[in-house]
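Chemist: Under our numbering, the very last position in the sequence shown is 551; numbers go up by exactly one each time.
I have a structure here, written as structure tokens, and I will follow up with some questions on it.
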Amino acid sequence: MDTRRLLRTFATALGTAGLLVSGCSGGGSAPSASATGSAASEDLEPYYGQKLRWRDCGVEGFQCATMKAPLDYGRPDAGDVKLAVSRKKATGPGKRIGSLLVNPGGPGGSAVEYLQGYAAIGYPAPVRARYDMVAVDPRGVAGSEPVTCLTAQEMDAYTQVDQTPDDSGEVAELKTAYEKFAQGCEKRSGEVLPHVSTVETARDMDILRSLLGDEKLHYVGASYGTFLGATYADLFPDRVGRLVLDGAMDPSLSAVDINRDQTAGFETAFQSFAADCVRRQDCPLGTKSTDEAAKSLKRLFDDLDSRPVATGESRQLGESLATTGVIAAMYDEGAWPQLREALAGARRGDGSGLLALADSYYERGPSGKYANLMFANAAVNCLDLAPAFSGPPDVEKALPAFEKASPVFGRGFAWAALNCASWPVDPTGTAHRTEAEGAAPIVVVGTTRDPATPYRWAKSLAAQLSSGTLLTYEGDGHTAYGRGSDCVDTAINTYLLAGTPPEDGKKCS
Numbered sequence: 043m044d045t046r047r048l049l050r051t052f053a054t055a056l057g058t059a060g061l062l063v064s065g066c067s068g069g070g071s072a073p074s075a076s077a078t079g080s081a082a083s084e085d086l087e088p089y090y091g092q093k094l095r096w097r098d099c100g101v102e103g104f105q106c107a108t109m110k111a112p113l114d115y116g117r118p119d120a121g122d123v124k125l126a127v128s129r130k131k132a133t134g135p136g137k138r139i140g141s142l143l144v145n146p147g148g149p150g151g152s153a154v155e156y157l158q159g160y161a162a163i164g165y166p167a168p169v170r171a172r173y174d175m176v177a178v179d180p181r182g183v184a185g186s187e188p189v190t191c192l193t194a195q196e197m198d199a200y201t202q203v204d205q206t207p208d209d210s211g212e213v214a215e216l217k218t219a220y221e222k223f224a225q226g227c228e229k230r231s232g233e234v235l236p237h238v239s240t241v242e243t244a245r246d247m248d249i250l251r252s253l254l255g256d257e258k259l260h261y262v263g264a265s266y267g268t269f270l271g272a273t274y275a276d277l278f279p280d281r282v283g284r285l286v287l288d289g290a291m292d293p294s295l296s297a298v299d300i301n302r303d304q305t306a307g308f309e310t311a312f313q314s315f316a317a318d319c320v321r322r323q324d325c326p327l328g329t330k331s332t333d334e335a336a337k338s339l340k341r342l343f344d345d346l347d348s349r350p351v352a353t354g355e356s357r358q359l360g361e362s363l364a365t366t367g368v369i370a371a372m373y374d375e376g377a378w379p380q381l382r383e384a385l386a387g388a389r390r391g392d393g394s395g396l397l398a399l400a401d402s403y404y405e406r407g408p409s410g411k412y413a414n415l416m417f418a419n420a421a422v423n424c425l426d427l428a429p430a431f432s433g434p435p436d437v438e439k440a441l442p443a444f445e446k447a448s449p450v451f452g453r454g455f456a457w458a459a460l461n462c463a464s465w466p467v468d469p470t471g472t473a474h475r476t477e478a479e480g481a482a483p484i485v486v487v488g489t490t491r492d493p494a495t496p497y498r499w500a501k502s503l504a505a506q507l508s509s510g511t512l513l514t515y516e517g518d519g520h521t522a523y524g525r526g527s528d529c530v531d532t533a534i535n536t537y538l539l540a541g542t543p544p545e546d547g548k549k550c551s
């Protein structure tokens, strides 16, 4: 199980629409004074003055381009990063409003793939009619000089390392796995590794805004994408257009607080799944109570820890991959039937169902090749905030609090939060309040039983932002826009099309 904060929506994980969990969290350093001015500083003028050369992507209706940004904003003349950009122009009817930048989260999710595979066809038609739909893969991600850390074979081994160690030998094995992962990142991506922070990506977004000819940035960010959008607003409040932050993060939290909150969030989501499951006569976790279901799942994990089961391929299903599979299904209640079937299979000795869910979480393709999602996820997280823990003793001290937050997932989440302790690059960000003083109204969306971005984070971010407006979805799953609530969709569509935010505190179900 890799429970590092991967903040993206589950639909993208399954290849249709975009979040994972992590041991590090979002943060950022302050911008230079020139970066917040009304015009680009002289040293950034070559970037703000470049021309995007659009070409056919090979995907019907989409154009692609490559954008340059400084590798190091502190030394803009020290080299470039090349970023993949895509767009689908406004379809009409109606007057074009501008460009709508979208990001599915992660960190590590490909915004270009999200645009081409979902947003530009799945967003409401009136929104697509009046906006050019645009995406840029963040630096270090997918088409934008991707961070690479392990080979496919090494990644297979990494995902199976026991993340609930029972003795000193297993603790040492887990620590070694994290060290090898970090060393692989440094060896294969050492040049870009110090320059993939959320602050730097937000500054890249402002260059793109300018190149698209927009005075203001219009943006929909999901999950980690909310932290990216909030960071942009804090850096460039006067350039904020219509910003939707769906499945919001809280930038004021430390890494350990984020991980502990997420542990509780996944427990809340599991309790909701369990309550639905036990009402069914075929629930593989029992039909008496949610407590019984939790104990049954924990017994299954313990059994798999000592006796992995077959999956129909060379990999067996042990506790780590099984836990990851269950976590993956917590992102969307639409995956609950698949999870029930997978759990029933695992109890019969067939691990293929949970393995498939785990593979979707890790973005492991049928050929065995992994996308760079988990590599970029660690690279951004470990740069954005100081590590949650510095070593195994810190984890041991924190275990009671994590296990109280979730008897089922707590131990694994706590040990997963050790992953940034061995990172080869010092963090550049800190936990901080994000106020974006002077920004136009920003809509912050929270789902009450969201596993990965707990509802309390949305309430906190909306309160921090000087112009934040909280929209609440009372329901299950990760994020809310486009997930079946007419109330949520109508409120956001009205804001994107007319600029009128919902009343602060509005609730939908």
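For each residue, glycine too, the CB sits at the ideal point set by N, CA and C.
When we look at the beta-carbon of Gly-147 and count the other beta-carbons within 10 Å, is it buried (16 or more) or exposed?
Modeler: In the sequence shown, counting from the first residue as 1, residue 147 sits at position 105. Buried, since its Cβ has 16 or more Cβ neighbours within 10 Å.
Chemist: Determine whether the beta carbon atoms of Val-144 and Leu-157 lie at a separation below 8 Å.
Modeler: Here residue 144 refers to the residue found at position 102 of the sequence shown. Here residue 157 refers to the residue found at position 115 of the sequence shown. Against a cut-off of 8 Å, the Cβ pair of Leu-157 and Val-144 comes out as a contact.
Chemist: Ignoring anything shorter than 3 residues, give me the beta strand (DSSP E) runs that lie fully in the region 386 to 423, in order along the chain.
Modeler: DSSP runs (the beta strand (DSSP E)) wholly in the region 386 to 423: none.
Chemist: Buried or exposed for Gln-205, please, with buried defined as at least 16 other CB atoms from any protein chain shown within 10 angstroms of its CB.
Modeler: Your numbering for residue 205 matches position 163 in the sequence shown. With 16 or more other Cβ atoms within 10 Å, it is buried.
Chemist: Please work out which residues of its chain come closer than 7 Å, Cβ to Cβ, to Gly-367, disregarding the five sequence neighbours upstream and downstream, and give them in chain order.
Modeler: Looking up residue 367 in the sequence shown gives position 325. Excluding residues within five positions, the ones whose Cβ falls inside 7 Å are Ala-384, Leu-396, Leu-397, Leu-399, Ala-400.
Chemist: Starting from Tyr-515, trace the beta strand (DSSP E) both ways and give me its first and last residue.
Modeler: Counted from its first residue, the sequence shown places residue 515 at position 473. Counting along the chain, the beta strand (DSSP E) containing Tyr-515 begins and ends at 510 to 518.
Chemist: Taking its Cβ as the centre, do 16 or more other Cβ atoms sit within 10 Å of Lys-564, making it buried, or is it exposed?
Modeler: The question about residue 564 has no answer here: the residues shown for the chain are numbered 43 through 551.
Chemist: Would Lys-217 be called buried (16 or more neighbouring beta carbons within 10 Å of its own) or exposed?
Modeler: The residue given as residue 217 occupies position 175 in the sequence shown. Flag for Lys-217 reads buried.
Chemist: Val-487 and Tyr-523 - do their beta-carbons sit closer together than 8 Å?
Modeler: On the sequence shown, position 481 is the one that residue 523 refers to. On the sequence shown, position 445 is the one that residue 487 refers to. The answer is yes: Cβ separation under 8 Å.
Chemist: Who are Arg-491's beta bridge partners in DSSP?
Modeler: Position 449 of the sequence shown, counted from the start, is the residue given in the question as residue 491. Paired residue(s): Asp-518.
Chemist: What does the alpha-carbon distance come out to for the pair Gly-70 and Val-241?
Modeler: Working through the sequence shown from its first residue, we reach residue 70 at position 28. Working through the sequence shown from its first residue, we reach residue 241 at position 199. Any answer about Gly-70 is weak, because its pLDDT of 38 lies below 50 and its placement is not dependable; what the coordinates show is given next. Cα to Cα, the separation comes out at about 5 Å.
Chemist: Within the same chain, show all residues whose beta-carbon is closer than 8 Å to that of Ser-331, passing over the 5 residues directly before and after it, in chain order.
Modeler: To locate residue 331, count along the sequence shown from 1; it is residue 289. Val-320, listed in sequence order.
Chemist: Pick out whichever of Ala-504, Ser-265, Thr-532 has its Cα sitting closest to the Cα of Ile-484.
Modeler: What you label residue 484 is simply residue 442 of the sequence shown in a count that begins at 1. Out of Ala-504, Ser-265, Thr-532, Ala-504 has the C-alpha closest to the C-alpha of Ile-484.
Chemist: Tell me which same chain residues have a C-beta within less than 6 Å of the C-beta of Leu-254, skipping the five on either side of it?
Modeler: One-based indexing of the sequence shown puts residue 254 at position 212. If we look at Leu-254 and ignore the five residues flanking it on each side, its Cβ neighbours are Ser-141.
Chemist: Just checking my contact of Leu-277 with Arg-230 at CB under 8 Å: how many whole Å lie between their CB atoms?
Modeler: Counted from its first residue, the sequence shown places residue 277 at position 235. Counted from its first residue, the sequence shown places residue 230 at position 188. That pair is no contact at about 30 Å.
Chemist: So, helix, strand or coil for Val-178, using DSSP?
Modeler: For the purposes of this step, residue 178 is taken as residue 136 along the sequence shown, with counting starting at 1. Three-state DSSP puts Val-178 in a strand.
Chemist: Considering only the beta carbon of each residue, do Glu-233 and Val-450 sit closer than 8 Å?
Modeler: The residue given as residue 233 occupies position 191 in the sequence shown. The residue given as residue 450 occupies position 408 in the sequence shown. No, these two residues do not count as a Cβ contact at 8 Å.
Chemist: When the distance is taken between beta carbons, is His-260 closer than 8 Å to Tyr-173?
Modeler: Translated into the one-based positions of the sequence shown, residue 173 becomes position 131. Translated into the one-based positions of the sequence shown, residue 260 becomes position 218. Yes, they are a contact pair.
Chemist: Starting from Gln-506, follow the alpha helix (DSSP H) in both directions and report where the run begins and ends.
Modeler: In the sequence shown, counting from the first residue as 1, residue 506 sits at position 464. Looking at the DSSP string, the run of the alpha helix (DSSP H) that includes Gln-506 is 497 to 506.
Chemist: Taking the alpha carbon of Lys-130 as the reference point, which residue from Tyr-115, Gly-159, Pro-434 has its own alpha carbon closest?
Modeler: The count along the sequence shown starts at 1 and reaches residue 130 at position 88. The candidate whose alpha carbon is nearest that of Lys-130 is Gly-159.
Chemist: Flag this pair as touching only if the region 174 to 193 and the region 414 to 421 have three or more C-beta atom pairs under 8 Å; answer yes or no.
Modeler: At 8 Å Cβ cutoff, the stretches touch.
Chemist: Tell me, which residues are paired with Asp-122 by DSSP?
Modeler: Translated into the one-based positions of the sequence shown, residue 122 becomes position 80. For Asp-122, which the question treats as bridged, DSSP gives the partners Pro-112.
Chemist: Apply the 10 Å Cβ neighbour rule to Pro-149 and answer buried if 16 or more other Cβ atoms are within range, or exposed otherwise.
Modeler: The sequence position of residue 149 within the sequence shown is 107, counting from 1. Flag for Pro-149 reads buried.
Chemist: Taking only the alpha-carbon atoms, compute the straight-line gap between Arg-170 and Ile-534 and give it to the nearest angstrom.
Modeler: What you label residue 170 is simply residue 128 of the sequence shown in a count that begins at 1. What you label residue 534 is simply residue 492 of the sequence shown in a count that begins at 1. Using only the alpha carbons, I get a separation of about 13 Å.
Chemist: Using C-beta distances below 7 Å, list every residue in its chain close to Arg-558, excluding the 5 sequence neighbours before and after it, in chain order.
Modeler: The structure shown has nothing for residue 558, since the chain only spans 43 to 551.
Chemist: Report the CB separation of Ser-362 from Thr-201 in whole angstroms; it is logged as a contact under 8 Å.
Modeler: On the sequence shown, position 320 is the one that residue 362 refers to. On the sequence shown, position 159 is the one that residue 201 refers to. Yes, Ser-362 and Thr-201 are in contact; Cβ-Cβ is about 7 Å, under 8 Å.
Chemist: Leaving out the 5 sequence neighbours to the left and right, which residues in its chain are closer than 6 Å to Asp-392 when beta-carbon positions are compared?
Modeler: The residue given as residue 392 occupies position 350 in the sequence shown. Result list for Asp-392: empty, nothing under 6 Å.
Chemist: Using C-beta distances below 7 Å, list every residue in its chain close to Glu-187, excluding the 5 sequence neighbours before and after it, in chain order.
Modeler: The residue given as residue 187 occupies position 145 in the sequence shown. Result list for Glu-187: Val-123, Lys-124, Arg-181, Val-234, in chain order.
Chemist: By how many angstroms is the C-alpha of Val-238 removed from the C-alpha of Thr-133?
Modeler: Indexing the sequence shown from 1 puts residue 133 at position 91. Indexing the sequence shown from 1 puts residue 238 at position 196. Whole-angstrom Cα-Cα distance: 34 Å.
Chemist: Could you give the residue range of the alpha helix (DSSP H) that holds Gly-140?
Modeler: Position 98 of the sequence shown, counting from 1, holds the residue named residue 140. No alpha helix (DSSP H) holds Gly-140; the beta strand (DSSP E) holding it covers 140 to 145.
Chemist: Check the C-beta distance from Asp-85 over to Asp-119 and give it rounded, since I have them as a contact under 8 Å.
Modeler: Taking the sequence shown and counting its residues from 1, the one referred to as residue 85 is at position 43. Taking the sequence shown and counting its residues from 1, the one referred to as residue 119 is at position 77. Right, their Cβ atoms sit about 7 Å apart.
Chemist: Quick check on Asp-256: does DSSP put it in helix, strand or coil?
Modeler: Walking along the sequence shown from the start, residue 256 turns up at place 214. Here Asp-256 sits in coil by DSSP.
Chemist: Please classify Thr-369 as buried or exposed, where buried requires at least 16 other C-beta atoms within 10 Å of its C-beta.
Modeler: Along the sequence shown, one-based indexing puts residue 369 at 327. Contrary to the premise, residue 369 reads as Ile rather than Thr in this sequence. Under this definition Ile-369 is a buried residue.
Chemist: Can you find the residues in the same chain that come closer than 7 Å, C-beta to C-beta, to Ser-76, ignoring five residues on each side of it along the sequence?
Modeler: Here the question's residue 76 lines up with position 34 in the sequence shown. The predicted model places Ser-76 with a pLDDT of 35, which falls under 50 and marks its position as unreliable; any figure quoted below should be read in that light. Counting only Cβ-Cβ distances below 7 Å, and skipping sequence neighbours, we find Ser-83.
Chemist: Between which two residues does the alpha helix (DSSP H) harbouring Leu-287 extend?
Modeler: Here residue 287 refers to the residue found at position 245 when the sequence shown is read from its first residue. No alpha helix (DSSP H) holds Leu-287; the beta strand (DSSP E) holding it covers 282 to 288.
Chemist: How about Gly-391: is its Cβ closer than 7 Å to a heavy atom in the ligand PLP?
Modeler: Judged by which ligands are present, the structure shown has none, so any question about the ligand PLP falls away.
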